[in-house]
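Contents: one structure, followed by commentary.
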Amino acid sequence: MEITANNPNRKSWLEVAENSDFPIQNIPFGVFITKDDIITIGTRIGDYAIDLGALHQLGYFEGIPLTDDIFLQDSLNDFIADGRKTWRLVRNRIADIFDATKGGLRDHKEHRAEIIFRMDEIEMLLPVNVGDYTDFYASKEHATNVGSLFRDPENALMPNWLHVPIGYHGRSSSIIPSGTPIRRPLGQTRPAEGTNTPGFGPSKLLDFELEMAFITTASNHLGERIPIEEAEEYIFGMVLFNDWSARDIQAWEYQPLGPFLGKNFASTISPWIVTLDALEPFRTDNPEQVHEPLPYLQVDGKKSYDIHLQVGIQPEGKEETVVANSNFKYMYWTMVQQLAHHTVNGCNVRSGDMMGSGTISGPTKDSYGSMLELTWRGQNPLSMNDGTERKFINDNDTVIMRAHCENDTVRIGFGDCVGKVLPAIEFEK
Ligand code: CA
132 MEITANNPNR KSWLEVAENS DFPIQNIPFG VFITKDDIIT IGTRIGDYAI DLGALHQLGY
192 FEGIPLTDDI FLQDSLNDFI ADGRKTWRLV RNRIADIFDA TKGGLRDHKE HRAEIIFRMD
252 EIEMLLPVNV GDYTDFYASK EHATNVGSLF RDPENALMPN WLHVPIGYHG RSSSIIPSGT
312 PIRRPLGQTR PAEGTNTPGF GPSKLLDFEL EMAFITTASN HLGERIPIEE AEEYIFGMVL
372 FNDWSARDIQ AWEYQPLGPF LGKNFASTIS PWIVTLDALE PFRTDNPEQV HEPLPYLQVD
432 GKKSYDIHLQ VGIQPEGKEE TVVANSNFKY MYWTMVQQLA HHTVNGCNVR SGDMMGSGTI
492 SGPTKDSYGS MLELTWRGQN PLSMNDGTER KFINDNDTVI MRAHCENDTV RIGFGDCVGK
552 VLPAIEFEK
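The sequence shown maps to residues 132 to 560 in our numbering.
See the structure below:
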């Protein structure tokens, strides 16, 4: 089925600012709450949120097989479970409804008032009920940098890394939508030199991780696997993902079983899921792989995406400083390789599962996706526009992540992924 929603020549009768992340070619999916406390599934064009529940009730999706309450829900899980054909039909229809050449809704004042909200009239919620969250470790530059800092610069990349898309199971309860503040976590840290007692207190090395995450539909039954050539069919879309990390807690706890409390206290996502369909024009060459992967991980065609990524830090009441510019295409392991690998043992993937990419660091020092790497564990502090320095993230700093794709005709963005760090809660030693 053709993705007519992606037509780059299409314009909307809704006003869209130049350089908006949300032209009519985007049509992402999210969940929002109105001032009247109505929760609904929606999409966005320009700075307008569109209530898909109301649109459906008023008959605008006629002819598309959808259950009556599919959009009147507080998560996209059921809609995502309907599968790619339905996602395409709905996106194509939304594009038609809001096309500048189409009357219909445009000329129906009462319907418009029920369906369309300004973004400042609504609040974004989590788009999916994340059943399981997996975090990969798929940027070669990041894995090499972290290996150098935490272990041994001579053998920074573990020998398995070039053969296996490394990942671990994270925690979904602490995934939060953009705008939700986070608390600086408390935890154990390595004993000070010459002592045997671990430290305890608020993390001193609080960090962000610049990641993207993909959201899956129900994919396979327990015991079966997803062949890599089918994997793309099961990816609904992507969000920006800040996998907050406490480096001092992480360094003390991570051996032998890997990340735990240094990672699971909060992960912030951008609230609009941009569909893989919308990203179609931005496919790019896959990274060259050092070893030929095993057959189940061999990829045909372009499975990487050219997505510009940016991180800024804004001290309270001050100007933001951009600290990193990276790109999703730097990922060594592509999403389809990750999904094929995740299920090769028969592990079942469900609708609404979220797979983090791992920190996306590029090849240059200004493209690293964490403060750990940007400051080389605090050795080279970053200068901020307000004259202060940062080794890691301070209390009351806001970390802002952005992502967009752009070609000659279209720009597709993700909206901001924002989180402010609040001081740790008072504690008894
Ligand atoms: Ca991570």
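Even glycine gets a Cβ: it sits at the ideal position worked out from N, Cα and C.
- Here DSSP, grouped into helix, strand and coil, assigns Asn208 to helix.
- Per DSSP, the continuous alpha helix (DSSP H) segment holding Ser279 begins and ends at Lys271 to Phe281.
- Going by beta carbons, Arg224 and Phe192 fall inside the 9 Å limit.
- A straight line joining the alpha-carbon of Asp227 with that of Trp144 spans about 11 Å.
- In the structure shown, Ile181 adopts extended strand secondary structure according to DSSP, grouped into three states.
- Closest in alpha carbon position to Glu342, among Ser398, Gly318 and Thr311, is Ser398.
- Residue side-chain check: Tyr268 places its Cβ nearer than 8 Å to a non-hydrogen atom of ligand 1.
- Gly487 has its Cβ nearer than 8 Å to a heavy atom of ligand 1.
- Secondary structure at Gln445: strand, using DSSP grouped into helix, strand and coil.
- Nearest neighbour of Val162 by Cα position, chosen from Ile170, Gln156 and Ala382, turns out to be Ile170.
- Look at Lys394: its beta carbon is less than 8 Å from one of the heavy atoms in ligand 1.
- If you check the CB distance, Cys548 and Ser350 do not come in under 9 Å.
- When the five nearest sequence neighbours on each side are left out, the beta carbons in the same chain lying within less than 7 Å of the beta carbon of Asp497 are those of Ala455 and Asn456, in order along the chain.
- For ligand 1, a non-hydrogen atom lies closer than 8 Å to the CB of Ser376.
- The distance from the Cβ of Asp374 to that of Leu503 is about 12 Å, inconsistent with a contact at the 8 Å cut-off.
- Distance from the C-beta of Glu504 to the nearest heavy atom of ligand 1 is not below 8 Å.
- At a cut-off of 8 Å, the beta-carbon of Glu384 does not count as near ligand 1: no heavy atom of the ligand is closer than that.
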